[in-house]
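J.:
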Amino acid sequence: MKLLIAFFSVALVLSSCKTKTDTKPEAKAETAAESENWIYLFDGVTTNGWRAYNGDSLPPGWVVKDSVLTFDTELGLEQDYTGGKDIIYGLEEFDNFELYVEWKLPEGGNSGIFYHLKEGIPNAGPPNISPEYQLIDDENYAKIHDLTAYNLSLGHTENPAALQPLQQTASDYAMHVADPEQKILNPVGEWNSSKIVFTPEQVEHWLNGKKVLSFVPWSEDWYEKKNSGKWKDEEYYGKFKSGYIGFQDHSSAIWFRNIKIRKL
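Be aware that the sequence shown starts at 2, since it is given in this note's numbering, and climbs by one per residue.
Okay, here's the thing in structure tokens:
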């Protein structure tokens, strides 16, 4: 009988130890998730926090549809583009950060993600001030839009009708090219994920889980690219070390969801 009681006592202790051990990974996972400190910029229901660049409310066309922040518009042609409906998350400015967002475009669509964006600068819109993570239909854009005059004006004399590498998705627009060998871009109408990691030591662009470019901001190489390319005459381009997150209106529909940021 004593042996039987001893056996059950040992079994009970072992069972108790196993139960406690099994719960530890779950507790650690919860702690890790809480420590990430993500700030959600879109709640899937309202447009709280979002407004026009240099404005007090959202421009026409920016709405929430099916839990997605949507720019609901007809496709316009590149050669007719005038802009003017860019939006920002206006509740807070960010300096060093990791930004994550999911997005999709229609055929021939074009948009972009701005950061370190400032308002109230005369004769300068978001592209003249903010670095831009390019979002575009790499495959079909040049088939639908006339890019020749624009590219020739920038000195792209070889195949000016084509979408140039500096203009393609995940590139730092007109500054740094996304590595085509690392890029996995889903077809139009399907969701993609993008991530921007910004610190003064390094900026990273990610697309669908893969890092596609990195560069050092305000480095000698950075200034060489800035002063010899599209932004050479733009006094404020890339100047600011903090600012707003923004999305670009480029005369096409655009869909955003799961927009979140954390400070670094």
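Quick reminder that beta carbons are idealized off the backbone N, C-alpha and C, glycines included. Remember, predicted model here, so these are calculated numbers, not experimental data.
Please confirm whether any heavy atom of the ligand PLP lies closer than 6 Å to the CB of ASN228.
T.: Judged by which ligands are present, the structure shown has none, so any question about the ligand PLP falls away.
J.: Can you tell me where the beta strand (DSSP E) with GLU191 in it begins and where it stops?
T.: The residue you call residue 191 lines up with position 190 of the sequence shown. Note, GLU191: premise wrong, no beta strand (DSSP E); not H, not E.
J.: Give the straight-line distance between the Cα atoms of GLN135 and TYR174, rounded to the nearest whole angstrom.
T.: Sequence index remark: in the sequence shown, residue 135 carries index 134 (1-based). Sequence index remark: in the sequence shown, residue 174 carries index 173 (1-based). For GLN135 and TYR174, the distance between alpha carbons rounds to 6 Å.
J.: Comparing C-alpha positions only, which one of LEU153, GLY244 and ILE145 sits nearest to PHE79?
T.: Within the sequence shown, numbered from 1, the residue matching residue 79 stands at position 78. In the sequence on display, residue 79 carries Glu and not Phe. Cα-wise, what sits closest to GLU79 is ILE145.
J.: Is there contact here, the region 64-74 with the region 35-47, by at least three beta-carbon pairs under 8 Å?
T.: Touching, yes.
J.: Rounded to whole angstroms, what is the Cα-Cα separation between PHE72 and ASP81?
T.: Sequence index remark: in the sequence shown, residue 72 carries index 71 (1-based). Sequence index remark: in the sequence shown, residue 81 carries index 80 (1-based). Taking the straight line joining both Cα atoms gives about 18 Å.
J.: List the residues that DSSP assigns as beta-bridge partners of HIS342.
T.: In the structure as shown, the chain starts at 2 and stops at 265, and residue 342 therefore has no counterpart that could be examined.
J.: So, for LEU153: in the same chain, excluding its five sequence neighbours on each side, which residues have a beta-carbon less than 7 Å away from its beta-carbon?
T.: The residue you call residue 153 lines up with position 152 of the sequence shown. Same-chain partners within the cutoff: PRO161.
J.: Does LEU167 come out as helix, strand or coil in the three-state DSSP assignment?
T.: As a first step, residue 167 must be located in the sequence shown, where it is residue number 166. Looking at LEU167 - three-state DSSP - the assignment turns out to be helix.
J.: Does the region 212-230 come into contact with the region 95-102, if we say contact requires no fewer than three beta-carbon pairs (one atom in each stretch) closer than 8 Å?
T.: The region 212-230 is not in contact with the region 95-102.
J.: Along the chain, where does the beta strand (DSSP E) that runs through PHE112 open and close?
T.: Position 111 of the sequence shown, counted from the first residue, corresponds to residue 112. Going by the sequence as given, residue 112 is Ser instead of Phe. Element bounds for SER112: 111-118.
J.: So, under 8 Å CB-CB, GLY110 and ALA254 are touching, yes? Tell me the CB distance rounded to an integer number of Å.
T.: Counted from its first residue, the sequence shown places residue 110 at position 109. Counted from its first residue, the sequence shown places residue 254 at position 253. Contact flag correct, Cβ pair sits at about 6 Å.
J.: So, is PRO132 buried or exposed, given that buried needs 16 or more other C-beta atoms within 10 angstroms?
T.: As a working mapping, residue 132 is identified with position 131 in the sequence shown. PRO132 is buried by the Cβ-count criterion.
J.: Below 6 Å CB to CB, which residues in the same chain sit around TRP232 once its five sequence neighbours on both sides are set aside?
T.: The sequence position of residue 232 within the sequence shown is 231, counting from 1. Once the five neighbours on either side are set aside, the close Cβ partners of TRP232 are TYR238.
J.: Between LYS196 and the rest of its own chain, which residues show a CB-CB distance below 6 Å, the 5 nearest in sequence each way excluded?
T.: Counted from its first residue, the sequence shown places residue 196 at position 195. The answer, listed in chain order, is TYR101 and TRP207.
J.: Would you mind reading off the limits of the beta strand (DSSP E) that contains THR71?
T.: If you number the sequence shown from 1, residue 71 lands on position 70. Residues 69-72.
J.: According to the Cβ coordinates, are LEU118 and THR200 closer than 7 Å?
T.: Here residue 118 is taken as the residue at index 117 of the sequence shown, counted from 1. Here residue 200 is taken as the residue at index 199 of the sequence shown, counted from 1. Contact flag unset, no.
J.: Let's see if you can read the secondary structure: which residues bound the beta strand (DSSP E) around GLU103?
T.: On the sequence shown, position 102 is the one that residue 103 refers to. Per DSSP, GLU103 belongs to the beta strand (DSSP E) from 98-105.
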